[in-house]
Each structure stands twice: as C-alpha cells, then as structure tokens.
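Count along the sequence shown from 1, add 265, and you get the number used in this note's numbering.
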Amino acid sequence: MPLRMARYALLGLLSAAPLSAQTMMTARDLVALPQPAPDTTIWYGADSLQFGELFRARGSGRAPVVVLIHGGCWLAAFDRRHIRSLAGAIAAEGIAVWSLEYRRVGNPGGGWPGSFDDIGAGTDYVRQLAPAFGLDTGRVIVAGHSAGGHFALWTGVRAKQSSGALRPTAILALAAVPDLAWARPDGTQICGDAIPRLMGGTAAEFPDRYRDASPGRRLPLGITQAILTGANDQIVPPELSRTYAAAARAAGDQVRLIEVPAAGHFEVVAPNTAAGREVLAILRAMARSP
Numbered sequence: 266m267p268l269r270m271a272r273y274a275l276l277g278l279l280s281a282a283p284l285s286a287q288t289m290m291t292a293r294d295l296v297a298l299p300q301p302a303p304d305t306t307i308w309y310g311a312d313s314l315q316f317g318e319l320f321r322a323r324g325s326g327r328a329p330v331v332v333l334i335h336g337g338c339w340l341a342a343f344d345r346r347h348i349r350s351l352a353g354a355i356a357a358e359g360i361a362v363w364s365l366e367y368r369r370v371g372n373p374g375g376g377w378p379g380s381f382d383d384i385g386a387g388t389d390y391v392r393q394l395a396p397a398f399g400l401d402t403g404r405v406i407v408a409g410h411s412a413g414g415h416f417a418l419w420t421g422v423r424a425k426q427s428s429g430a431l432r433p434t435a436i437l438a439l440a441a442v443p444d445l446a447w448a449r450p451d452g453t454q455i456c457g458d459a460i461p462r463l464m465g466g467t468a469a470e471f472p473d474r475y476r477d478a479s480p481g482r483r484l485p486l487g488i489t490q491a492i493l494t495g496a497n498d499q500i501v502p503p504e505l506s507r508t509y510a511a512a513a514r515a516a517g518d519q520v521r522l523i524e525v526p527a528a529g530h531f532e533v534v535a536p537n538t539a540a541g542r543e544v545l546a547i548l549r550a551m552a553r554s555p
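Rendered as structure tokens:
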C-alpha cells in the first residue's frame, strides 16, 4: 500500500469510535491543530529516519528536557509531525523538547529490534545535545503517547538493563500500551496486527521477546512515573493504564495514575484541552524535581 494511502487508512482507523465517543477528538482534529516548526533538526544516526526535532526552551539558563516519543500504532504511516503542537507548548513552559523520529513498521529496519534500537540511541543522544543547547542532563523526562507511551516506559526498562543507557529522571506515559501481549476478550489486539508486525510474530512464538519489550513485565523500573489516560479512550482502553499502575506500585515504583474525565485518545496530546493542560502541569512538576 502506498504510504499516503496507508496514512489515510490509519487516520480512518484511529478516528473511528463508537457512537458514545463521537464527541471525542479524532486524529484528524489533532493534526489540524497549529503545528509549530522545531528550532532545529538533528540526526542521531545514519538512517534517514534516525533524527529528532529540537524545540528550545523559552527562557535562559540550563533547561530541563523532555524526550518526546510520538505514537501511531508503531507504523510508518504516522510520524512525529502530529505531536508538534504539544512539543511547542512544552517548550513555552521553559522545558526543551527533543522529539524523536524513528524507524517504524513498514520502514526498512523498523520493528524488532530496529525501532527499539532507535529509541534507545535517540534518548542517549541528549548527552551530545546538552553542551551545545544548554540542556540539563540531570533533568531528563521521557514522555510518549500511545505506541510512544510504550516506548517511553521501555526506556526505563532499558536503563535498568544497560549500564550505558541514559536513565530518565521521570517518565510520563500517555494512553500507553505497557503490555504488548494484551488482548481484548475477543482476542483482538490494539492497532490490529501492528504489534505482531512490530515484534516479528506473536507472543506465543516469541515469549522472551515480548517480555523484554513489555514494561509491565519488567517491573520495577525504579523511576518516578506518571500514567495518564483518557476515561473515554476507545483506542487504548484505560484498563491498561490502571493495571500497569497497580502492578508498578506493587513492585515498589512511585507511580501516579491520572484518569482524565471526558477525554479520549487524542485529547491527552492536545495542549488546548483539559487533558493537555494536565500534561503540561505534570511536566512542569517533573522538571522542577532533580
């Protein structure tokens, strides 16, 4: 399927919702928001998709930084541009934003392990950016939405397993998918067949791979976390956030669960909504805590 057709198909999938949720923001609503341009684009690797967009903090002095990871079902059809409105709003709060692009399912090298390698390399690259752009590597927050929320939590798993990995000071997961093996009662998974495509097969075929890629199965992370979900999310059910938060707390992690009333899947990354304002407030608080 050509990329443009795939993108429209995904927009249709992500915009579809039961009648009870038709007042919720859709993917089309999100991409229609003002999308400020980044201050600069920098490659963290040799591939054309191994880059990030840097939104510099408004203000002076060394700035805390948010590594922002976009969602879109882990698929090539959806890129970082739809999250620029949130990136710009975060930068206006005095927090720099390093918004990652990465190889996804449908891109050469995307999936397991390439997508994960990119997230790790892009996160670590904050160390290289810090001297030139005045970033405070002692205040690095990783935030992500949907598939990006999964990756945000996974950076905590990676930091625990790899001594050379950058360890986030805090993680904010928005409408995240903490367990890639999760399925609805009818057996269907989030984003259709995207997760088996991401992982190169099913959880039954690759149980170790799914365990290593699922933050909910690698607890505790040992990192302060905030888990935010929309109460009316029809794409990533709030139960995933509730289940993860309970398990993380039981494992000893410091976790705050926020379930925003009257919010769906996309309100949580739209800065002009109540959910988006809550996201900004959480990031401000995280940025103040070394």
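Using N, Cα and C, we set each Cβ at its ideal position, and we do this for glycine too.
Check: CA-to-CA distance, residue 541 to residue 496, given in whole angstroms; Outcome: 14 Å
Check: Close Cβ partners of residue 338 (< 7 Å) along its chain, the five nearest in sequence each way excluded; Outcome: 275, 412, 456, 459
Check: Same chain, Cβ closer than 6 Å to residue 335, neighbours up to 5 away in sequence not counted; Outcome: 345, 348, 413
Check: Nearest residue (CA-CA) to residue 360, options 383, 326, 376, 380; Outcome: 326
Check: Residues near residue 448 in its chain [Cβ-Cβ closer than 6 Å; skip 5 each side]; Outcome: 454
Check: Residue 297 beta carbon less than 8 Å from that of residue 320; Outcome: no
Check: Segment contact flag, the stretch 475–490 with the stretch 505–519, C-beta cutoff 8 Å, min 3 pairs; Outcome: yes
Check: DSSP three-state assignment for residue 325, whether helix, strand or coil; Outcome: coil
Check: Contact set for residue 258: own chain, Cβ-Cβ below 6 Å, skip 5 residues either direction; Outcome: With the chain represented from 266 up to 555, any question about residue 258 goes unanswered, as that position is not in the structure.
Check: Rounded straight-line distance, which links the Cα of residue 470 to that of residue 365; Outcome: 30 Å
Check: For residue 320, the first and last residue of its enclosing beta strand (DSSP E); Outcome: 316–320
Check: Opening and closing residue of the alpha helix (DSSP H) in which residue 391 lies; Outcome: 391–398
Check: Meets three-Cβ-pair contact criterion under 8 Å: the stretch 516–527 and the stretch 488–503; Outcome: yes
Check: Residue 292 classed as buried or exposed, judged by whether at least 16 other C-beta atoms fall within 10 angstroms; Outcome: buried
Check: Contacting residues, own chain, Cβ-Cβ under 6 Å from residue 388 (five flanking each side not counted); Outcome: 332, 420, 431
Check: Test item: CB-CB of residue 323 and residue 302 under 8 Å; Outcome: no
Check: Residues near residue 286 by beta carbon distance below 8 Å, same chain, minus five either side; Outcome: Confidence in residue 286 is poor, its pLDDT being 43 and thus under 50, which makes the residue's placement unreliable; the coordinate value appears in the next sentence. Counting only Cβ-Cβ distances below 8 Å, and skipping sequence neighbours, we find 497, 499, 529.
Check: Inter-residue CB distance, residue 545 and residue 354 (contact presumed, cutoff 8 Å); Outcome: 6 Å
Check: Residue 508: first and last residue of the uninterrupted alpha helix (DSSP H) it sits in; Outcome: 503–515
Check: Beta carbon proximity, residue 518 to chain B, threshold 8 Å; Outcome: This model lacks chain B altogether, as it is built from one protein chain only.
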